[in-house]
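This report refers to the structure that appears directly beneath it.
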Amino acid sequence: MKRQSVAGAIFFLISLISAPGFAGQGDLKPFERGSWQQILHAHAGRPTIVHFWGVTCGPCKVELPLLGQFMKDHAAVDMVTISADLVPNLPGAARSMLEKSGLGAAENWIFGDGFVERLRFEIDPGWQGDIPRTILISGKGDITTIEGSAEMADIQKWLEQQSAAAAKP
Amino acid sequence: MSHIEKRSNFMLRKLALATITAVLCQTAAYAQMSHHQHASDAACDEPTLRCASKVTPAFASDGTLWLAWQAGGQVSVASSKDGGQTLSTPVAVTKERLNLDWGPDARPKIVVDREGRIAVAFSIFRDKAFNGQVLYSRSFDGGKEFAEPKPITGSNESQRFEAMALDQDGSLFVAWLDKRNRVPAKEEGRKYEGAALFFASSKDGGETYSEARMARDNTCECCRLGIAFAGPGRPAVVFRNIFEGSIRDHAVMTFTDPSTPGEIRRVSVDDWQISACPHQGPSLSISAAGTYHVTWYTNGKARKGLFYARSKDGGVTFSDPVAIGRADRSPSRPYVIAGPHELAMVWKEFDGEKTAVNLMTSQDDGVNWSAPKAIASTSDTSDHPLLVTDGRRTYLSWMTKADGYRFQPIENEP
């Protein structure tokens, strides 16, 4: 019995430590090579908003809380944020800004590979790193890119189109 | 409990401890590796050149090459008498680890005047809201010691993206992007867009700078500036401006004298309406014939990609933009210089695996250009490619994470 509990404790600890997101809920996932395909695959079939931002980007600071409110008002939509600055040591600042903006519960990523050209190239070869940037992925996988600050009304309209498309027989 | 059971429990506990220790160590090691080698734009975290993320070159009039770089939270300077093959012992400009501006278009600046006085400027993030501050320092003993860095302006608002150039009379001209005007706008309930182009000059080799003055309000806030001289006492600045309707296209301003800003002249109507930080500023060089040469990046309605244009009338009107690089290879970070024998332009291209620096040259002041050729490449992240001349040859300066610092003449390439 005791042996089982010790063995169980080992298993529990190993699984706890080895699990992705070991450091706790609210942590940022490192966005690395292949992460973009992983995101597309994980959200396939569901309308998804992917928002690229950065802690030093002025317009991002204005837009983040609006997106946070949008997520609150539309619980059904998949919200993904990706901190796309080259930030070697600032996941804390990124997490803090996300939480203050009401996006703490979103699926939050942070560029985790210094070779940002390669990361961006995987997402969109035409993107040179300007942020904010929002990619709307329809349930069918169609991609709409909004450069710069997005208007929430435009995202709302897109989401309504998704719902209408899904409702069609 | 039997002896065997006790031993077995002991073994299990030992195994548990060893396993947890191993996994924790592995996790810590991964985090360390991930942090320093993977997620960072630098190969390591020491103040050495090998660990630099940004390196800026400057030639002194005696032909000595000077480098300023940021690495390990510090700005350091060293010199080379043999074209970068061997370096002097680096000297720290900063005495402590600082939160140096790591924005893609930030880098330390260095200028060496005819008397060998070295002026340095760089930006830091001075608070948790990422407000910037431009600091300057100087060395009057040939780079042995640098004065304690001081703010270039008394304003406590945000400044970033300083640019510095040496005038013919030995004075220094500095321009930067400054957010001080957002304060009165906020007080009056007005929306404030972008930043302002501010400038100052130094007549004592960078010991002191004149009071900061504004050249233009509401410019884009996150792109590097380019400075060149149209003649003695006539600095010209290229920057991403915000034109009517939030259009972030490029403009050149040629000063009448170092304290008198001139008219804004639009380089090109690209029609890039965007409320964002493009993080990719322009480059300007003025040839001996007085021709302005500008390269820039845009993603406008009228055109997208890298472009080049020239002005034969002192930066008043510009030629039709010429596209640079392969559109399918994400061309970026263009830099142009009017060298002693030819005009040269470099930029980066990424093919999905490697980043290459491509070069084009012009023998007729920018009318015709050679076919592009790759002159260097790397398989990990890299600094912007820069060009610098000692008056005899032009050189490429390029810091790469995987292959270290490269300094190579661009002529006589195979």
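Keeping their order, the protein sequence lines are chains A and B.
Quick note on the numbering used here: the first sequence kicks off at 398 and runs consecutively.
Quick note on the numbering used here: the second sequence kicks off at 86 and runs consecutively.
Even glycine gets a Cβ: it sits at the ideal position worked out from N, Cα and C.
{"Check": "Touching by the beta-carbon criterion (3+ pairs, under 8 Å), the segment 366-383 of chain B and the segment 341-348 of chain B", "Outcome": "no"}
{"Check": "Residue environment, A:M494, which counts as buried when at least 16 other CB atoms sit within 10 Å", "Outcome": "buried"}
{"Check": "Short Cβ contact (8 Å threshold) for B:I349 with B:A313", "Outcome": "no"}
{"Check": "Same chain, Cβ closer than 7 Å to B:V502, five either side skipped, listed in chain order", "Outcome": "The structure shown does not extend to residue 502 of chain B, since chain B spans only 86 to 499, so no value can be given for it."}
{"Check": "Length of the line joining the Cα atoms of B:R491 and B:G168", "Outcome": "11 Å"}
{"Check": "Chain A within 8 Å of B:H335, Cβ atoms only", "Outcome": "no"}
{"Check": "Proximity winner among B:P175, B:D186 and B:T149, relative to B:G158 (alpha-carbon distances)", "Outcome": "B:D186"}
{"Check": "Residues in the segment 417-443 of chain B having any Cβ partner in chain A nearer than 7 Å", "Outcome": "S417, F435, G437 and T440"}
{"Check": "Ordered list of beta strand (DSSP E) runs contained in the segment 297-371 of chain B, each at least 3 residues", "Outcome": "298-304, 311-314, 320-325, 335-339, 349-351 and 368-371"}
{"Check": "Own chain, CB closer than 7 Å to A:G442, minus 5 neighbours either side, in chain order", "Outcome": "G536"}
{"Check": "Listed by chain order, chain B residues near A:I436 by CB distance under 9 Å", "Outcome": "Going along chain B, no residue has its Cβ under 9 Å from A:I436, so there is no contact; the nearest lies around 18 Å."}
{"Check": "Classification of B:E272 by the beta-carbon crowding that lies within 10 angstroms, buried from 16 upward", "Outcome": "exposed"}
{"Check": "Cβ shell of A:D475 (< 8 Å), same chain only, five flanking positions each side left out", "Outcome": "H440, R443, P444, T445, I446 and E504"}
{"Check": "CB contact below 8 Å: B:N326 versus chain A", "Outcome": "no"}
{"Check": "Under 7 Å from the C-beta of A:V452: neighbouring residues of chain B", "Outcome": "F215"}
{"Check": "B:P189 versus B:V197, B:K139, B:F144 and B:S164, residue with shortest Cα-Cα distance", "Outcome": "B:K139"}
{"Check": "Contact residues within the segment 353-364 of chain B, judged by C-beta distance below 7 Å to chain A", "Outcome": "I359, S360, A361, C362, P363 and H364"}
{"Check": "B:D468 at chain A interface by Cβ criterion, 8 Å", "Outcome": "no"}
{"Check": "Minimum Cβ-Cβ distance from B:Y382 to chain A less than 8 Å", "Outcome": "yes"}
{"Check": "Secondary structure, beta strand (DSSP E): runs of 3+ residues fully inside the segment 239-307 of chain B", "Outcome": "244-251, 257-263, 280-287 and 298-304"}
{"Check": "Closer than 8 Å at the beta carbon, the chain B residues around A:I446", "Outcome": "Going along chain B, no residue has its Cβ under 8 Å from A:I446, so there is no contact; the nearest lies around 17 Å."}
{"Check": "Which of helix, strand or coil DSSP assigns to B:E181", "Outcome": "coil"}
{"Check": "Contact belief for B:H378 with B:G424 at Cβ below 8 Å, rounded distance in angstroms", "Outcome": "Between B:G424 and B:H378 the Cβ distance is about 11 Å, and since that is not below 8 Å, they are no contact."}
{"Check": "Closer than 8 Å to chain A by CB, B:E306", "Outcome": "yes"}
{"Check": "Boundaries (first-last residue) of the alpha helix (DSSP H) holding A:F467", "Outcome": "G455 to D470"}
{"Check": "Residue-chain proximity (A:S480, chain B), Cβ-Cβ < 8 Å", "Outcome": "no"}
{"Check": "Cβ pair B:Y480, B:I460 closer than 8 Å", "Outcome": "no"}
{"Check": "Segment limits, alpha helix (DSSP H) that includes B:K166", "Outcome": "B:K166 -> no alpha helix (DSSP H), and no H or E assigned at all."}
{"Check": "Three-state secondary structure (DSSP) of B:P499", "Outcome": "Because the pLDDT at B:P499 is just 38, under 50, the model does not fix this residue reliably, and the value given afterwards should be weighed accordingly. B:P499: coil per DSSP, three-state reduction."}
{"Check": "Under 8 Å by beta carbon: chain B residues contacting A:A503", "Outcome": "Neighbours of A:A503 on chain B: none; closest Cβ ~20 Å, over 8 Å."}
{"Check": "Rounded Cβ spacing between B:A250 and B:F258 (contact assumed at less than 8 Å)", "Outcome": "5 Å"}
{"Check": "Beta-carbon neighbours of A:P522, restricted to chain B and to distances below 7 Å", "Outcome": "D413 and S415"}
{"Check": "Cβ of B:S119 within 8 Å of any chain A Cβ", "Outcome": "Note that B:S119 scores 41 on pLDDT, short of 50, meaning its location in the model is unreliable and no value can be drawn from it."}
{"Check": "Buried versus exposed, by CB contacts within 10 Å (16 or more), B:M299", "Outcome": "exposed"}
{"Check": "Whether B:S353 touches B:F324 by CB criterion (8 Å)", "Outcome": "no"}
{"Check": "8 Å Cβ cutoff met for A:I436 and A:V477", "Outcome": "yes"}
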